[in-house]
Amino acid sequence: MLSISSYLPLNDGQRIPLLGFGVFLMKGDETAQAVSCALKCGYRHIDTAAIYGNEAEVAAGIKDSGVPRDEIFITSKLWNDDTKSGEVRRALETSLKKLDTDYLNLYLVHWPVPGFAKAYAEMARLHQEGLIKSIGVSNFPTEFVDELKKECEVIPAVNQVECHPHLNQRVLLDDMRRRGIALEAYSPLGGEKSNGALRNHPKLIEIAKKHGKSPVQVLIRWQLQRSVIVLPKASKPEHIKSNAEIFNFVLDDTDLLNIGSLNQDLRYNGSPTKFMTVV
Numbered sequence: 001m002l003s004i005s006s007y008l009p010l011n012d013g014q015r016i017p018l019l020g021f022g023v024f025l026m027k028g029d030e031t032a033q034a035v036s037c038a039l040k041c042g043y044r045h046i047d048t049a050a051i052y053g054n055e056a057e058v059a060a061g062i063k064d065s066g067v068p069r070d071e072i073f074i075t076s077k078l079w080n081d082d083t084k085s086g087e088v089r090r091a092l093e094t095s096l097k098k099l100d101t102d103y104l105n106l107y108l109v110h111w112p113v114p115g116f117a118k119a120y121a122e123m124a125r126l127h128q129e130g131l132i133k134s135i136g137v138s139n140f141p142t143e144f145v146d147e148l149k150k151e152c153e154v155i156p157a158v159n160q161v162e163c164h165p166h167l168n169q170r171v172l173l174d175d176m177r178r179r180g181i182a183l184e185a186y187s188p189l190g191g192e193k194s195n196g197a198l199r200n201h202p203k204l205i206e207i208a209k210k211h212g213k214s215p216v217q218v219l220i221r222w223q224l225q226r227s228v229i230v231l232p233k234a235s236k237p238e239h240i241k242s243n244a245e246i247f248n249f250v251l252d253d254t255d256l257l258n259i260g261s262l263n264q265d266l267r268y269n270g271s272p273t274k275f276m277t278v279v
């Protein structure tokens, strides 16, 4: 039975909490307060990135929560400039310093950009040094995942992508499962640019009423029942708490079919290859 402490085993022997907490677009004290609140509510998985500019605030939130570091799964991401230049070690060390930790649980290549395979191979070497527990990618189509083999034999543990009912990533999910790679969903509610299209969809409202839940809770629960790691974002304590109250109901087959029917292959965050000026 799923719970807030449910984990998904990764292909490298590590395990990742299925429910995570995202901090994209959060700044300053808002980040620290939200992270602290999330950890106090039972979350054990925090997802940040160098480009978010809030790694130090994430560290402050962790410290304020009182939750021991070894109970928390921390993800950060290698930004495009460092991927292109190959400055992977320097970028990682900067993130570690800001996050006030000796290691990351997961380090991802944030986007496929020229040089991504070589940068990933360098991440694999840093993994061997113990600075990273698991390595993976973000926003990678299957063909780019397979391209990593040219430089490195280590299979990514995770591929983090935009994923929600308007973009259910069914084909990519199947591709990743065949390769033993876990799929992780960011923008599970559609993101800022969706203008609430999913939360306000009649089918989701109907399903939510049936279970005595909110459409947001249904959207998060849907990912968990697909064994997709999910990263909802919230800054208000009541929303942070509500997003975690998804373990006392189960979507039935009819619910899952209705949610699955909403797919439009609609991206709210742009093409995953938008930074690939050279292949």
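Under full-length UniProt numbering, the first residue of the sequence shown carries the number 1, and numbering increases by one thereafter. Beta carbons: idealized from backbone N, C-alpha and C, even for Gly. Small disclaimer: the values here were computed from a predicted structure and weren't measured.
Within the segment 162 to 194, the complete alpha helix (DSSP H) segments of 4 residues or longer fall at 170 to 178, listed in chain order. In this structure, the straight-line span from the alpha carbon of ILE207 to that of VAL218 is close to 8 Å.
At the C-beta level, SER227 and LEU8 come within 8 Å of one another. Annotation for SER187: GLU162, HIS164, TYR268, ASN269 place their beta carbon closer than 7 Å to its own, counting only its chain and skipping 5 residues before and after.
Taking the CA atoms as reference points, THR277 sits about 7 Å from PRO114. Linking LEU92 to ARG199 through their CA atoms gives a straight-line distance of about 36 Å. With respect to SER138, HIS110 sits close: the two C-beta atoms are nearer than 8 Å.
The C-beta separation of GLU151 from LYS98 comes to about 27 Å, leaving the pair out of contact by the 8 Å criterion. A Cβ-Cβ distance of about 4 Å is found for the pair ALA32 and ALA60, placing them in contact under the 8 Å criterion. Inclusion of SER214 and SER242 in the CB contact set at 8 Å is warranted, their separation being smaller than that value.
Around the beta carbon of LEU257, a 10 Å sphere encloses fewer than 16 other beta carbons of the protein chains shown; the residue is thus reported as exposed. Annotation: LEU131 to SER261 spans about 42 Å, alpha carbon to alpha carbon. Under the three-state reduction of DSSP, VAL137 is assigned to strand. The alpha-carbon of GLU55 is positioned some 23 Å away from that of LEU183. For PRO215, the secondary structure class from DSSP, reduced to helix, strand or coil, is helix.
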